[in-house]
């Protein structure tokens, strides 16, 4: 037998408070730090959305205290149109980067990927620590833009040129606000590149004895595929942000075209390409939305399987589909640019793979549905949110079929149809994945169970609430409600106002329902029922650690040995209804006879 | 589990002179009598990690390359200029540093493999590489000064903008490589240098040389 009790990446257990909880090298602490960052970010991002929704429902309503957030943006506590756009920009940026990329990928991935492959830690712990603190610095820089000059940028999370590149003449926040936005995102990209480096190297090189690639849980595959996407996507956005900063601070003209007149002033830049920004941004942007959702695929699969007490219809097809999705994601980015003025022939070139990409996505959904059919699913908070993810992904994904076709997208682009699509398929579905992962892994992370009754109440209120918020968006879009408008033109848009009022009420109630989750999270952390080591009777390596939470080196000094595939449930002839990966019990399946 | 806290013994150093197996040994070839246990050789993490890092750097410069092509394609204000001739000398310096690094790498491998009495000053070639790297960066700075003496600054023209962006971006990465070299020298002096670390550092440095050749050709063709 090989001596497997050593590891390349092992580092000493810290003893100081700073070493244990602040600048920690332990992947588990870093994972929790990322979760905490995402938690703060989502509360702040949700708060911004409430302000937006109140303004949309009741345009001239003074919101008490708003002038404290911005004296210029909200005179008399009524937000100006520009301030609405500033809030919208920050809402989108915070949610996409600091919640949807951070929580399912960086938080859960950092915590559980090393454990699930059987490693003591990531191979580059210092890079891992740096990745969190650089990401955190990015968040601080972004939020700082609220308190500088004339506030944050108002150009949307996509920051299209030339508006984003012309400087203060473009409006409030378009000077320093843009620079801070770009600097924040550049820092975020660097942080995530360091994280991806660790994820990829851990998956390829740090697997314990017996853990072949095919024996990896689906969550690990999802994080691995996501980290490869992140590596290539963030490495493109970062130079784009640097070029944008240079246009602002150094007088270059990468993105600002010639002969641009704003407020009767001819802009000094010349010759830049506004489409260049869009190409660079969306080459990152489309893989980014898959970075936001693919970890959710892994989490949902990983949560559903032990609750179904049987594996998916096909483990390998699920992996192949996720890989296909990732590869195709680089070929479809132009579907965000159908009406940008690029060559219409390009639209066909991007539309075709966009329709093709629905195939692996559909296969993934059908595998879930086919596996669920006939299973006796254990209903708990985690499995409910996993089911909710599937529902949201289907509902939100179907509208993508329409948007994939340029002839339809001409009508639907920049309407609430698009807003409904991406909120359902990305925001809500990914959030459901985060909730599923939280309820599922909380016992392992903290050694306590979350309150399942509260979890179920949280699920139903959120499920109904998010449908009530985002389903009407599709109808508003079909009726012609343009997005990013802070008020409604006094003609065909007036009938939309009652719908927006109803949506706002749903949004506020759904937001309030999240307090149940917040209470459950905090209360259970300290006073929850002590959790057994393997409360879900699951098979993967995180459930074989000697304690919950796992010890510093994850496995108490002796790395596990893996004998089986990750999801051995209901195996005929086995001693129980599940066989853990570390169990030396002989069972007879096709894959064990490799 | 442990990272070494005491200076390693000669025996431990000698063990490290052969390729290491990964700590994992997860794999796909049956081992011994237990057919369910699978074994494979896993490369050291530093080896995989450096390839991952180089992939990210490649994507960054690929993005800038496409930006250059697009920006030039639609430009009415593109102004061609002659590259400062010192760039060619800098290229020779950087490629020479790759040669000296390879010489140093083999020397150190012999030293760490136990040939202490015959290999003197194992870090010598690393110091030479470091110096050549510094010389390269200084030469790039001189190139920028020469351009600015001609009135070509960052914002003068899109062609000069891209010149500065590419060369400054590359120089920053070279400085990072110098940091890696410095770390390798420090570890060598403490007899704590893993072969995989040195190999990864060398791979990065050679990539900087190859990247610079690519950038020089690109700038020569397009600017």
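Residue numbers (our numbering), protein chains in the order written: chain A, 56 to 649; chain B, 24 to 246. For each residue, glycine too, the CB sits at the ideal point set by N, CA and C.
Chain B within 9 angstroms of residue i, Cβ atoms only
i, result
"residue 393 of chain A", "no"
"residue 328 of chain A", "yes"
"residue 274 of chain A", "no"
"residue 242 of chain A", "no"
"residue 301 of chain A", "yes"
"residue 178 of chain A", "yes"
Chain A contact for residue i (CB, 9 angstroms cutoff)
i, result
"residue 222 of chain B", "no"
"residue 71 of chain B", "yes"
"residue 50 of chain B", "In this prediction, residue 50 of chain B scores a pLDDT of 27, lower than 50, which makes its location untrustworthy; the coordinate-derived value is nonetheless stated afterwards. Residue 50 of chain B counts as touching chain A."
"residue 192 of chain B", "yes"
"residue 317 of chain B", "Past the edges of chain B, shown from 24 to 246, lies residue 317 of chain B, and the structure says nothing about it."
"residue 188 of chain B", "yes"
"residue 226 of chain B", "no"
"residue 171 of chain B", "no"
Reference residue i, options the options, closest by Cα
i, options, result
"residue 126 of chain B", "B:147, B:193, B:116 and B:230", "B:147"
"residue 159 of chain A", "A:588, A:207 and A:355", "A:355"
"residue 91 of chain B", "B:218, B:67, B:80 and B:184", "B:184"
"residue 585 of chain A", "A:557, A:504 and A:562", "A:504"
"residue 289 of chain A", "A:340, A:261 and A:462", "A:340"
"residue 153 of chain A", "A:587, A:511, A:482 and A:597", "A:482"
"residue 390 of chain A", "A:405, A:400, A:376 and A:399", "A:405"
"residue 375 of chain A", "A:253, A:280 and A:243", "A:280"
"residue 510 of chain A", "A:364, A:319, A:438 and A:527", "A:438"
"residue 480 of chain A", "A:563, A:351, A:238 and A:601", "A:351"
"residue 102 of chain A", "A:248, A:564 and A:593", "A:564"
"residue 618 of chain A", "A:634, A:611, A:606 and A:107", "A:634"
"residue 328 of chain A", "A:393, A:353, A:385 and A:397", "A:397"
"residue 122 of chain A", "A:384, A:523 and A:132", "A:132"
"residue 30 of chain A", "A:512, A:325, A:318 and A:284", "Because chain A spans 56 through 649 in this model, residue 30 of chain A falls outside it and cannot be assessed."
"residue 207 of chain A", "A:455, A:140, A:457 and A:561", "A:140"
"residue 235 of chain A", "A:369, A:110, A:145 and A:625", "A:145"
Proximal chain B residues relative to residue i, where beta-carbon distance stays under 7 angstroms
i, result
"residue 306 of chain A", "178"
Residues bridged to residue i (per DSSP)
i, result
"residue 636 of chain A", "In DSSP, residue 636 of chain A forms no bridge with anything."
"residue 623 of chain A", "A:634"
"residue 142 of chain A", "Bridge partners of residue 142 of chain A: none, in fact."
"residue 585 of chain A", "A:503"
"residue 470 of chain A", "A:537"
"residue 403 of chain A", "Residue 403 of chain A pairs with nothing; no bridge assigned."
"residue 321 of chain A", "A:316"
Any non-hydrogen atom of the ligand NAD closer than 8 angstroms to residue i Cβ
i, result
"residue 572 of chain A", "Looking at this structure, you won't find the ligand NAD or any other ligand, since it has none at all."
Proximal residues of chain A, C-beta to C-beta of residue i below 9 angstroms
i, result
"residue 65 of chain B", "259, 260, 261 and 262"
"residue 184 of chain B", "298, 301, 305, 307, 308 and 309"
Per-residue contacts from residue i into chain A (C-beta, under 8 angstroms)
i, result
"residue 75 of chain B", "251, 252, 255, 256 and 286"
Interface residues of chain B facing residue i [CB-CB closer than 9 angstroms]
i, result
"residue 313 of chain A", "99 and 100"
> Closer than 7 angstroms, Cβ to any Cβ of chain A: which residues of the stretch 99-116 of chain B, in chain order?
Replying inline: 99 and 100
>> Closer than 7 angstroms between beta carbons: that is the criterion. Which residues of the stretch 474-508 of chain A meet it against chain B?
In response: none
> Along the stretch 77-97 of chain B, what residues have a CB closer than 9 angstroms to any CB found in chain A?
Replying inline: 78, 79, 80, 81, 82, 83, 84, 85, 86, 87, 89, 90, 93, 94, 96 and 97
> Which of the residues in the stretch 245-262 of chain A, read from start to end, lie with their CB under 7 angstroms from any CB of chain B?
Replying inline: 248, 252, 255, 256, 259, 260, 261 and 262
>> Any C-beta of chain B within less than 9 angstroms: which residues of the stretch 287-299 of chain A qualify?
In response: 287, 288, 289, 290, 291, 292, 293, 294, 295, 297 and 298
> What residues in the stretch 318-345 of chain A have a beta carbon less than 8 angstroms from any beta carbon of chain B?
Replying inline: 325, 326, 327, 328, 330, 331, 334, 335 and 338
> Quick one, which residues of the stretch 349-371 of chain A are near chain B if we go by CB-CB under 9 angstroms, in chain order?
Replying inline: none
> What are the residues of the stretch 518-534 of chain A that lie near chain B, defined by any Cβ-Cβ distance shorter than 7 angstroms?
Replying inline: none
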